[in-house]
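**Student:** Questions regarding the structure given below will be posed in turn.
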Amino acid sequence: MSISQTEARKVAQLARIAVADEALPALAAELSHMLQFMAQLSEVDVTGVEPMTGVEKMRLKRREDVVTDGNMADTVLKNAPDAREGFFAVPKVVE
Amino acid sequence: MSLNRLTIADARDRLRKGEITAVELTDACLSAIEQAGALNAFVHNTPDIARRQAAAADQRLQAGDAPAMCGIPLGIKDLFCTKGVPTQAASRILQGFVPEYESTATQNLFDAGAVMLGKLNMDEFAMGSTNETSVYGPAVNPWRLGEQQLTPGGSSGGSAAAVAADLCLAATGTDTGGSMRQPAAFTGTVGVKPTYGRVSRWGIVAFASSLDQAGPMTKTVRDAAIMLGAMASVDPKDSTSADRPVPDYESALTGDIRGKRIGIPREYRIDGMPAEIEALWQQGIAMLRDAGAEIVDISLPHTKYALPAYYVIGPAEASSNLARYDGVRYGHRAPLAAGDGINEMYEKTRAEGFGPEVQRRAMIGTYVLSAGFYDAYYNRARKVRALIKRDFDEAFAAGIDTILTPATPSAAFPLGTMHAVDPVQMYLNDVFTVTVNLAGLPALALPAGLDSQGLPLGLQLIGRPWDEAGLLNHASVLERAAGFVAKPDRWW
Numbered sequence: 001m002s003i004s005q006t007e008a009r010k011v012a013q014l015a016r017i018a019v020a021d022e023a024l025p026a027l028a029a030e031l032s033h034m035l036q037f038m039a040q041l042s043e044v045d046v047t048g049v050e051p052m053t054g055v056e057k058m059r060l061k062r063r064e065d066v067v068t069d070g071n072m073a074d075t076v077l078k079n080a081p082d083a084r085e086g087f088f089a090v091p092k093v094v095e
Numbered sequence: 001m002s003l004n005r006l007t008i009a010d011a012r013d014r015l016r017k018g019e020i021t022a023v024e025l026t027d028a029c030l031s032a033i034e035q036a037g038a039l040n041a042f043v044h045n046t047p048d049i050a051r052r053q054a055a056a057a058d059q060r061l062q063a064g065d066a067p068a069m070c071g072i073p074l075g076i077k078d079l080f081c082t083k084g085v086p087t088q089a090a091s092r093i094l095q096g097f098v099p100e101y102e103s104t105a106t107q108n109l110f111d112a113g114a115v116m117l118g119k120l121n122m123d124e125f126a127m128g129s130t131n132e133t134s135v136y137g138p139a140v141n142p143w144r145l146g147e148q149q150l151t152p153g154g155s156s157g158g159s160a161a162a163v164a165a166d167l168c169l170a171a172t173g174t175d176t177g178g179s180m181r182q183p184a185a186f187t188g189t190v191g192v193k194p195t196y197g198r199v200s201r202w203g204i205v206a207f208a209s210s211l212d213q214a215g216p217m218t219k220t221v222r223d224a225a226i227m228l229g230a231m232a233s234v235d236p237k238d239s240t241s242a243d244r245p246v247p248d249y250e251s252a253l254t255g256d257i258r259g260k261r262i263g264i265p266r267e268y269r270i271d272g273m274p275a276e277i278e279a280l281w282q283q284g285i286a287m288l289r290d291a292g293a294e295i296v297d298i299s300l301p302h303t304k305y306a307l308p309a310y311y312v313i314g315p316a317e318a319s320s321n322l323a324r325y326d327g328v329r330y331g332h333r334a335p336l337a338a339g340d341g342i343n344e345m346y347e348k349t350r351a352e353g354f355g356p357e358v359q360r361r362a363m364i365g366t367y368v369l370s371a372g373f374y375d376a377y378y379n380r381a382r383k384v385r386a387l388i389k390r391d392f393d394e395a396f397a398a399g400i401d402t403i404l405t406p407a408t409p410s411a412a413f414p415l416g417t418m419h420a421v422d423p424v425q426m427y428l429n430d431v432f433t434v435t436v437n438l439a440g441l442p443a444l445a446l447p448a449g450l451d452s453q454g455l456p457l458g459l460q461l462i463g464r465p466w467d468e469a470g471l472l473n474h475a476s477v478l479e480r481a482a483g484f485v486a487k488p489d490r491w492w
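Chains as they are written, first to last, in UniProt numbering: chain A, 1 to 95; chain B, 1 to 492.
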């Protein structure tokens, strides 16, 4: 299994990481190499094996559906690169 | 002896007797840190917080009834969110992030009276085995080969270097594929990865949520027992925190392992393993046998597939966890050009903010989770993971109490040497340790000897689920028999 430059560009886009065109060949080669390493997994007979979801069979904890926290907008916004009037500010989203 | 060289147990006893004060102990560590800039272990120093906590600890000690960790100065890995103190996970993308909350594990330690000296270097987002992916530059191993600087291992390399160099009495670490055990082995210290769910993950920057566990990095097994007891808790804020009482680990250190069955997995004897590592393993086997344990050869047949499974599951979970670094809520946002929209903001921010190894793992994780490949890679890896866990389950069901293996395939190596090899080669550092994270088991590394070049080598013990007490007791027997007392010559 190897990854083409087109696929590498798509993966980078899905991961929301800007990659310059000239860096794509190296990226594709590197990702392909890692996939070759992972290909060993196809040697294993996994017939009838359930995918593992957690290390211990435990039920997710439940609690009353009530508000336990809140009213701290200033605290939540404190680390934002750009916060205005109680909101996170971002570039225009809708054309 | 300067106070910073004390163990937790000795310091606790002397603090309680009033022979020393927490302020004196803290000052000794702060001055050791000041003189150890060359190790690049501490990356955010918090002397004011340390002195304030130490003064409060002294009051508590005077009042009597202070917990074991009261007045003990610690270093905190940069992965733990610490309220009001920069927390960057050694990444550029979290530059300037100052948490408004405290991780449960550090809160537990501070509630017990522990003192925070500062934040410790690590690989970026805990992704690395050499500390070289850190935005702060690598932490340096206090052990050297002549003039040559060595890696302290990773990702908890700053923690390991700081403990080995006596800059703190102990440190917190985290372990996703070996990130406490490999650095412990490289620096002659003890690192304990608890059972998944024993220590709360709340407030610890997430790498791979089904694999991550935090634990203590210490100078001795007894210290690890003391500190693990203070870190662990049942935490409603972490849905994977186990509803199990935390035992008194120190009182479990009886030194009696007569009749215990120690498993020696034949699959851990890998091709190209240095003779010294094999010899160390045999010595460890002999020590446990001399202590009255029964040595049993066992097979863990899927061991070989642990690394490829780990390098699917780890990056898959990481790509999901790293999605939150979007330049909106915290940390770095890239400068934007006129007309840039929100996608350009995400892409530029993440390209600038993540280093190469983190980008690599985010992208491979995205790939294995993407439509069309999910079953072939991610689901298959999760099935193989189930088989790896089954191997251990069967060994324990057959009466094995603890498993003994080497901790790492080599001693610490020079900084810079891993740049030349491909990422897959670097991942081989984790060959003995990743199985444990995939199976969720408790395990530890402890120093057991020196190699021919005078560098520390470690052994790994793997325990039954939730049996950290038994695991630590076995380790204490090995520790006493190995009699490892070597310290690095001070050059920094």
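Glycine included, C-beta positions come from ideal geometry on N, C-alpha and C.
Which parts of the region 13-42 of chain A are runs of the alpha helix (DSSP H), unbroken and 4 residues or longer, counting only runs that do not cross its ends?
**Tutor:** If we require 4 residues or more, the alpha helix (DSSP H) runs fully inside the region 13-42 of chain A come out as 24-38.
**Student:** By alpha-carbon positions, which one of B/N121, B/Y268, B/F125, B/G146 ends up nearest to B/P138?
**Tutor:** The candidate whose alpha carbon is nearest that of B/P138 is B/N121.
**Student:** Between the region 62-78 of chain A and chain B, which residues of the former have a C-beta closer than 7 Å to a C-beta of the latter?
**Tutor:** Residues T75, K78.
**Student:** Can you give, in chain order, each stretch of the alpha helix (DSSP H) that sits fully within the region 173-216 of chain B and has at least 4 residues?
**Tutor:** Listed in chain order, they are 181-187.
**Student:** List, in chain order, every chain A residue whose beta-carbon is nearer than 8 Å to that of B/V312.
**Tutor:** Here the neighbours are M38, L41.
**Student:** Taking the beta strand (DSSP E) that B/V485 falls in, what are its first and last residues?
**Tutor:** It is not in any beta strand (DSSP E) - B/V485 carries neither H nor E in the DSSP assignment.
**Student:** Using a beta-carbon distance below 7 Å, is B/R333 in contact with chain A?
**Tutor:** By this cut-off, B/R333 is an interface position.
**Student:** Starting from the N-terminal side, write out each stretch of the beta strand (DSSP E) that is 3 residues or longer and does not extend beyond the region 30-97 of chain B.
**Tutor:** Listed in chain order, they are 42-45, 73-77.
**Student:** Determine the extent of the beta strand (DSSP E) in which B/E294 is found, giving its start and end residues.
**Tutor:** Unbroken beta strand (DSSP E) run through B/E294: 294-298.
**Student:** Buried or exposed, going by whether 16 or more other CB atoms sit within 10 Å of the CB of B/V436?
**Tutor:** Buried, because 16 or more other Cβ atoms sit within 10 Å of the Cβ of B/V436.
**Student:** Show which residues of chain A have a CB atom less than 7 Å away from the CB atom of B/V98.
**Tutor:** Per Cβ cutoff of 7 Å: N79.
**Student:** When DSSP builds the beta bridges, which residues end up paired with A/K10?
**Tutor:** None; A/K10 has no bridge partner.
**Student:** Using beta carbons (cut-off 7 Å, strictly below), is A/F88 in contact with chain B?
**Tutor:** Judged by the 7 Å Cβ criterion, A/F88 is in contact with chain B.
**Student:** Find the residues of chain A that neighbour B/P183, judging by a C-beta separation of less than 9 Å, and give them in chain order.
**Tutor:** By Cβ distance, chain A contributes nothing, its closest Cβ being about 23 Å from B/P183, past 9 Å.
**Student:** Please name the residues in the region 270-283 of chain B whose beta-carbon is closer than 8 Å to at least one beta-carbon of chain A, in chain order.
**Tutor:** So nothing in the stretch comes that close.
**Student:** Short of 8 Å in beta carbon distance, which residues of its chain neighbour B/Y346, apart from the five on each side in sequence? Order them along the chain.
**Tutor:** Around B/Y346: D326, G327.
**Student:** Since A/A12 meets chain B, which of its residues come closer than 7 Å, beta carbon to beta carbon?
**Tutor:** Within chain B, the residues near A/A12 are M363.
**Student:** The alpha helix (DSSP H) with B/I285 in it runs from where to where?
**Tutor:** Unbroken alpha helix (DSSP H) run through B/I285: 275-290.
**Student:** If the cut-off is 7 Å on Cβ atoms, which residues from the region 370-396 of chain B count as contacting chain A, listed in chain order?
**Tutor:** Taking 7 Å as the Cβ-Cβ cut-off against chain A, the residues of the region 370-396 of chain B that qualify are S370, Y377, N379, R380, A381, R382, K383, V384, R385, A386, L387, K389.
**Student:** Spell out whether any CB of chain B is found under 7 Å from the CB atom of A/A28.
**Tutor:** No, A/A28 lies away from the interface with chain B (no Cβ there is under 7 Å from its Cβ).
**Student:** State the CB to CB distance for the pair B/V192 and B/L444, rounded to an integer number of angstroms; the pair is presumed to be in contact (CB under 8 Å).
**Tutor:** Sure, about 4 Å apart at Cβ, within 8 Å.
**Student:** What does DSSP give as the partner residue(s) for A/F88 in the beta ladder?
**Tutor:** For A/F88, which the question treats as bridged, DSSP gives the partners A/A83.
**Student:** Going along chain B, which residues have a C-beta under 9 Å from A/E50?
**Tutor:** Residues of chain B passing the Cβ test: R382, K383, A386.
**Student:** Under 7 Å, Cβ to Cβ, is there at least one residue of chain B near residue 121 of chain A?
**Tutor:** The structure shown has nothing for residue 121 of chain A, since chain A only spans 1 to 95.
**Student:** Count the CB pairs spanning the region 6-23 of chain B and the region 53-64 of chain B that are closer than 8 Å, and state whether there are at least three.
**Tutor:** Yes, since at least three Cβ pairs between the region 6-23 of chain B and the region 53-64 of chain B fall closer than 8 Å, the two stretches touch.
**Student:** Whole angstroms is fine: what's the gap from B/G157's alpha carbon to B/L404's?
**Tutor:** Straight-line Cα distance between these residues: approximately 23 Å.
**Student:** By DSSP, does B/A337 sit in helix, in strand, or in coil?
**Tutor:** It is coil, neither helix nor strand.
**Student:** Taking the alpha helix (DSSP H) that B/I226 belongs to, which residues open and close that run?
**Tutor:** B/I226 -> alpha helix (DSSP H) spans 221-231.
**Student:** Could you work out which residue in B/S319, B/N321, B/K348, B/I342 is closest to B/H332 when comparing CA atoms only?
**Tutor:** Of B/S319, B/N321, B/K348, B/I342, the residue nearest in Cα terms is B/K348.
**Student:** Confirm, please, whether the CB-CB distance from B/A291 to B/V163 is below 7 Å.
**Tutor:** No.
**Student:** Please list the segments of the alpha helix (DSSP H) lying wholly inside the region 88-176 of chain B, counting only runs of 4 or more residues, in order along the chain.
**Tutor:** Within the region 88-176 of chain B, the complete alpha helix (DSSP H) runs of at least 4 residues are 104-111, 157-164.
**Student:** Apply the 10 Å Cβ neighbour rule to A/L60 and answer buried if 16 or more other Cβ atoms are within range, or exposed otherwise.
**Tutor:** Looking at its Cβ environment, which holds fewer than 16 other Cβ atoms inside 10 Å, A/L60 is exposed.
**Student:** Can you give me the start and stop residues for the beta strand (DSSP E) that B/I462 sits inside?
**Tutor:** Element bounds for B/I462: 456-463.
**Student:** Mind checking whether B/D235 and B/W202 have CB atoms under 7 Å apart?
**Tutor:** Cβ distance < 7 Å, so B/D235 and B/W202 count as in contact.
**Student:** Exposed or buried, B/I295, counting other C-beta atoms within 10 Å across all chains shown (16 or more means buried)?
**Tutor:** Its Cβ having fewer than 16 others within 10 Å, B/I295 is exposed.
**Student:** Anything in chain B within Cβ reach of A/E22, meaning under 7 Å, just list it in chain order.
**Tutor:** Those within 7 Å of A/E22 in chain B number zero; the least Cβ separation is about 14 Å.
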